[in-house]
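Participant: Residue 163 is where the sequence shown starts when you use our numbering, and the numbers rise one by one after that.
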Amino acid sequence: MAYVGLAPTSVWIWRPSQVDVQDRYRTLVTEFENGAEQRRGKWNRPLMAVRLLFDRNALTTDDVADIWRFYRTQRGSLRPFDLPLFGQLTTVESLFSSGSRSIGVADTQDMTSSSTSRWSKLYIQNGNYDYDVFTVTSVNGATRIEVQSSTGNTYQIGNPVSPVITARFADDLYGAQYMVAQMTGAGLVFTECRS
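1) Classify Pro178 as buried or exposed, calling it buried when 16 or more other Cβ atoms lie within 10 Å of its own Cβ.
2) Applying the 10 Å Cβ sphere with the 16-neighbour rule, what's the burial state of Ser324?
3) Might you give, ordered along the chain, the residues of its own chain that have their beta carbon closer than 6 Å to the beta carbon of Asn219, omitting 5 neighbours on each side?
4) Roughly how many whole angstroms lie between the Cα atoms of Ser282 and Phe352?
5) Just to confirm my understanding: we take Asp217, look at its own chain, exclude 5 residues before and 5 after, and list those with CB closer than 7 Å. What are they?
6) On the criterion of 16 or more Cβ atoms from any shown chain inside 10 Å, does Val191 qualify as buried, or is it exposed?
7) Can you list, in chain order, the residues of its chain with a C-beta nearer than 6 Å to that of Thr328? Leave out the 5 residues immediately preceding and following it.
8) May I ask which residues mark the beginning and end of the alpha helix (DSSP H) holding Arg234?
9) Please state whether DSSP places Ala338 in a helix, a strand or coil.
10) Let's see if you can read the secondary structure: which residues bound the beta strand (DSSP E) around Ile327?
11) Hey, out of Gly349, Phe194, Met341, Gly203, whose CA is closest to Tyr187's CA?
12) Looking at Arg213: is its Cβ nearer than 8 Å to the Cβ of Asp182?
13) Could you spell out where the beta strand (DSSP E) holding Asp182 opens and where it closes?
14) Excluding five sequence neighbours on each side, which residues of the same chain lie with their C-beta closer than 6 Å to the C-beta of Gly349?
15) Is it buried or exposed for Phe296, if we count other Cβ within 10 angstroms and need 16 for buried?
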């Protein structure tokens with residue numbers, strides 16, 4: 163991975179070997195004396211819980227140090243950041259290149275700029291160090307979405323595209339060695355944040 167020294171303050175950049183995304187609901191259950199239940203969903207849509215697993219053989223000491231710095235910069239679960247869900251958006255083909263501001267998609271489900279959208283940002287990476295988070299500004303028909311880049315970078319056809327959520331670390335209690343054990347064992351867990 164070799165991102166040593168970059169440790170950005172607002173974007174997770176380290177590519178895991180596996181991503182597990184789960185929907186988390188909040189259901190309020192009231193039990194009555196006769197055993198009957200009344201159930202009510204507290205949220206309109208679920209929050210995501212994300213687990214990132216890393217290959218122990220692919221992690222370098224520099225990678226671990228950089229991820230540890232990122233965790234400390236975020237002050238555990240205090241500060242939210244953009245978290246790409248690597249490999250979760252398989253229906254998108256990147257068509258973002260010079261003179262174009264759109265990305266071709268095979269399926270626009272959950273791909274709008276409205277407040278109910280699940281994916282309102284996309285992460286595109288060129289090589290090891292060159293990446294950008296694009297904001298989805300509109301969906302045109304069934305096959306193209308318009309995006310806006312904060313840096314003005316251009317990305318060529320074939321680059322991987324991942325949806326982005328705003329997330330935070332799910333746990334406040336890590337040490338550097340424990341974090342490595344989690345990354346390569348059970349995985350690092352993140353919780354989606356809503357504003």
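Yeah, the Cβ is synthetic: ideal placement off N, Cα and C, and Gly gets one too.
Facilitator: The short version:
1) buried
2) Answer is buried; the Cβ neighbour count reaches 16.
3) Closer than 6 Å at Cβ, skipping near neighbours: no residue.
4) 18 Å
5) Ser179
6) exposed
7) Pro242, Cys355
8) 223-235
9) helix
10) 323-331
11) Ranking Gly349, Phe194, Met341, Gly203 by Cα distance to Tyr187 puts Gly203 first.
12) yes
13) 180-186
14) Arg213, Leu214, Leu215
15) buried
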